[in-house]
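Asker: If you scroll down you'll find the structure; I have some questions about it.
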Amino acid sequence: MHAPLRRRLGSAAAAAAAADVTIVGAGIMGLNIAYQLRRRAPDLKVTVLERSKSLGVGSSGYSTGFQRALYAVDETTRLALDGMAAYKDWSTYLRDDAATAQFYETGALWMLGADPAENRAAQARLASFGVDADVLGADELGARFPLLSTEPTPEYDSEGDEVAFGGGELSALYEYGCGHLDPAACLEDLLVACRREGVDVRLGVGATSFVTTPDGSEVTGVALDGGHPTVHTSSVINAAGPWFNKLNATAGVTLSTTAVPIRVQVGHRHVPEEYLSLPFVGDGWGNPDVGGIYFMPRVANKQLLFGSIAPRFEQEEVNPDDYNQSLDPDVRSEFLGEAPLPRARNHRSANPSPAPPPPPVNQTRSTTASPASTRALT
Ligand SMILES: Cc1cc2nc3c(=O)[nH]c(=O)nc-3n(C[C@H](O)[C@H](O)[C@H](O)COP(=O)(O)OP(=O)(O)OC[C@H]3O[C@@H](n4cnc5c(N)ncnc54)[C@H](O)[C@@H]3O)c2cc1C
């Protein structure tokens, strides 16, 4: 890969460039691309520009950091497994024994409303990728995870009366081997690895626009904020996450696909020790637009992290420079309610009207440049 890459970048323009490749954005994408470029082409001059003075201000810093193989598209599954292999052997991947991020294997319980035949098909598909999975009915699930309710998420009408559930029997899929990594530690480790490999990572230096040839056909540089001189470069990679469109517009680039900054909501709260052994749970059992939640333990923090997978919570396009970073009141009342867990056994009989005062919760939120990954679950 090294030689062709050099040839492709080795134009006359590159000879005068201050960088061969300039990457905008030091999120997981920008830093990983920079690291991989230098591993493959150690002579390549790679610059990463990050407008914030610290890492993690974009989606990567707020990410749940969960990795799994269950995706609807084979290429995505292969990519995810490749990523998981790296995260599970992070020190080797980064060639750094002092790397701090650790992969916590939780497994995943998918309760997404699939029937037994659909779950068996998903199990066979995962098996074709070498991933083990079990198909569980309500009794097996209840016995294996006694903290979880096996009943569908209740839906209430405007009078506060429970709407009868018209679905069939619960069937769930338990996926082995998946888990999560702390995103902040992951970014810090990558920064160390990039700098060790000779990547010029500049924190606190933002790109204001792409500089192009007069006819606009080629990018020749990246103009910077704060009076920093323009970086001349033969290639640019836009890894600006939710800010991606804004930067592309400066070079008149329009794409055939859209990348929309969407606000999704994630919260976390302390839970008793016994809940920390729960797997990641993707819960769309019942009406997914009413429940539609995922949660997983963050063992190191003794917290349960939760986020929505209900479609109605994944449609809010926002300005990534100015958006509400608090949890919405309905998310607080629906997902935190009065029980320690959204699917805790005693929660099913709770009438949500009026909603109990929400317990204290640490709130986190961010935007993501692509529709939330959880969309791909169904
Ligand atoms: C709440 C949440 C939960 C998620 N959970 C998961 C999950 O469990 N599993 C999963 O696989 N994915 C998850 N995702 C998705 C995943 O986190 C993102 O796809 C990923 O982090 C995107 O990384 P990125 O590097 O493309 O963007 P970002 O992390 O947003 O990085 C972009 C960087 O570019 C910088 N930047 C922007 N404009 C400029 C500029 N003009 N000049 C210089 N720098 C600039 C920003 O400051 C930022 O640091 C989640 C996302 C969110 C928001």
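Note that the numbering used here numbers the sequence shown so that position 75 is 76, with each residue one more than the last. Using N, Cα and C, we set each Cβ at its ideal position, and we do this for glycine too.
What does the alpha-carbon distance come out to for the pair R313 and D331?
Answerer: Rounded to whole angstroms, R313 to D331 spans 12 angstroms at the Cα level.
Asker: Can you list the alpha helix (DSSP H) stretches of 4 or more residues lying completely in the segment 65-147, in chain order?
Answerer: Fully enclosed alpha helix (DSSP H) runs of 4 or longer: 75-89, 91-95, 117-129 and 139-145.
Asker: Would you mind sorting G217 into buried or exposed? The rule is 16 or more other CB atoms within 10 Å of its CB.
Answerer: Exposed is the call here.
Asker: I need the DSSP call for S60, collapsed to helix, strand or coil.
Answerer: S60 falls in the helix class under three-state DSSP.
Asker: Which residue comes first and which comes last in the beta strand (DSSP E) that contains G180?
Answerer: From DSSP, the beta strand (DSSP E) with G180 extends over G180 to L182.
Asker: Taking the C-alpha atoms as reference points, what is the distance between P321 and P262?
Answerer: Between P321 and P262, the C-alpha separation is close to 7 angstroms.
Asker: Assign R52 to buried or exposed, taking buried as 16 or more other Cβ atoms, counted over all protein chains shown, within 10 Å of its Cβ.
Answerer: By the neighbour-count rule (16 or more Cβ atoms within 10 Å), R52 is buried.
Asker: Are there any heavy atoms of ligand 1 lying less than 6 angstroms away from the beta-carbon of R52, as far as the coordinates show?
Answerer: Yes, ligand 1 has a heavy atom inside 6 angstroms of this Cβ.
Asker: Looking only at C-alpha atoms, which of R270, L277 and M297 sits nearest to G283?
Answerer: For G283, the nearest C-alpha among the options comes from M297.
Asker: Is A20 near ligand 1, in the sense that its beta carbon is under 6 angstroms from a heavy atom of that ligand?
Answerer: Result no, Cβ not under 6 angstroms from ligand 1.
Asker: Leaving out five residues on either side along the sequence, give the residues of the same chain with a beta carbon under 7 angstroms from the beta carbon of H229.
Answerer: Answer for H229: V206, listed in chain order.
Asker: What is the residue span of the alpha helix (DSSP H) that L32 lies within?
Answerer: Here the alpha helix (DSSP H) through L32 covers I29 to R41.
Asker: Note down the Cα distance separating C195 from A81, rounded to an integer number of angstroms.
Answerer: So the two alpha carbons sit approximately 22 angstroms from each other.
Asker: Secondary structure at F307, three-state DSSP: helix, strand or coil?
Answerer: Strand at F307.
Asker: Please state the DSSP three-state secondary structure of F336.
Answerer: Here F336 sits in helix by DSSP.
Asker: Tell me, please, which residues DSSP counts as bridged to E274.
Answerer: Answer by DSSP bridge pairing: none, since E274 is not bridged.
Asker: State the start and end residues of the unbroken alpha helix (DSSP H) segment that holds F245.
Answerer: From DSSP, the alpha helix (DSSP H) with F245 extends over F245 to A250.
Asker: Please give the ranges of any beta strand (DSSP E) in the segment 159-229, keeping only runs that are unbroken, at least 3 residues long and fully inside the region.
Answerer: 172-176, 180-182, 201-204, 208-213 and 220-225, all fully within the segment 159-229.
Asker: How about D226 and T209: do their beta carbons lie closer than 7 angstroms?
Answerer: It is a contact, given that the beta carbons lie within the stated cut-off.
Asker: State the Cα-Cα distance for the pair T259 and V237, rounded to the nearest angstrom.
Answerer: When rounded, the distance between both Cα atoms is 19 angstroms.
Asker: Measuring only from the beta carbon, is Y63 closer than 6 angstroms to any heavy atom that is part of ligand 1?
Answerer: Yes, since a heavy atom of ligand 1 falls inside the 6 angstroms radius drawn around the Cβ of Y63.
Asker: If you draw a straight line from the alpha carbon of S257 to that of S278, how long is it in whole angstroms?
Answerer: Taking the straight line joining both Cα atoms gives about 44 angstroms.
Asker: For ligand 1, any of its heavy atoms closer than 6 angstroms to the Cβ of G1?
Answerer: Past the edges of the chain, shown from 2 to 379, lies residue 1, and the structure says nothing about it.
Asker: Comparing C-alpha positions only, which one of V220, R96 and S55 sits nearest to V202?
Answerer: When only C-alpha atoms are compared, the closest one is S55.
Asker: Under a three-way DSSP split, which group does A241 fall into?
Answerer: A241: coil per DSSP, three-state reduction.
Asker: Does A20 come out as helix, strand or coil in the three-state DSSP assignment?
Answerer: Reduced to three states, the DSSP call for A20 is strand.
Asker: Got a sec: does ligand 1 put a non-hydrogen atom nearer than 6 angstroms to the Cβ of W380?
Answerer: Absent from the structure is residue 380, since the part of the chain shown begins at 2 and ends at 379.
Asker: Confirm the yes/no value for this check: CB of Y208, any heavy atom of ligand 1, distance under 6 angstroms.
Answerer: Rather than Tyr, the amino acid found at residue 208 in this sequence is Ala. Within the cutoff, so yes.
Asker: Please report the distance separating the alpha-carbon of L32 from that of E160.
Answerer: Straight-line Cα distance between these residues: approximately 52 angstroms.
Asker: For I310 and F336, what's the separation of their Cα atoms in angstroms?
Answerer: Whole-angstrom Cα-Cα distance: 12 angstroms.
Asker: Could you check which residue in E275, V319, E318 and Q316 has the C-alpha nearest to that of V300?
Answerer: That would be E275, whose Cα lies nearest to the Cα of V300.
Asker: Considering Cα atoms alone, identify which of C179, D83 and L148 is closest to Y105.
Answerer: Selected option, being the one with the closest Cα: C179.
Asker: Any heavy atom of ligand 3 closer than 6 angstroms to the beta-carbon of M30?
Answerer: The model on display carries ligand 1 but not ligand 3.
Asker: Output the distance between the C-alpha atoms of G62 and D183, rounded to the nearest integer angstrom.
Answerer: Roughly 9 angstroms separates the two Cα atoms.
Asker: Determine the contact status of E156 and N288, defining contact as a CB-CB distance below 7 angstroms.
Answerer: In this structure, N288 lies closer than 7 angstroms to E156 by Cβ.
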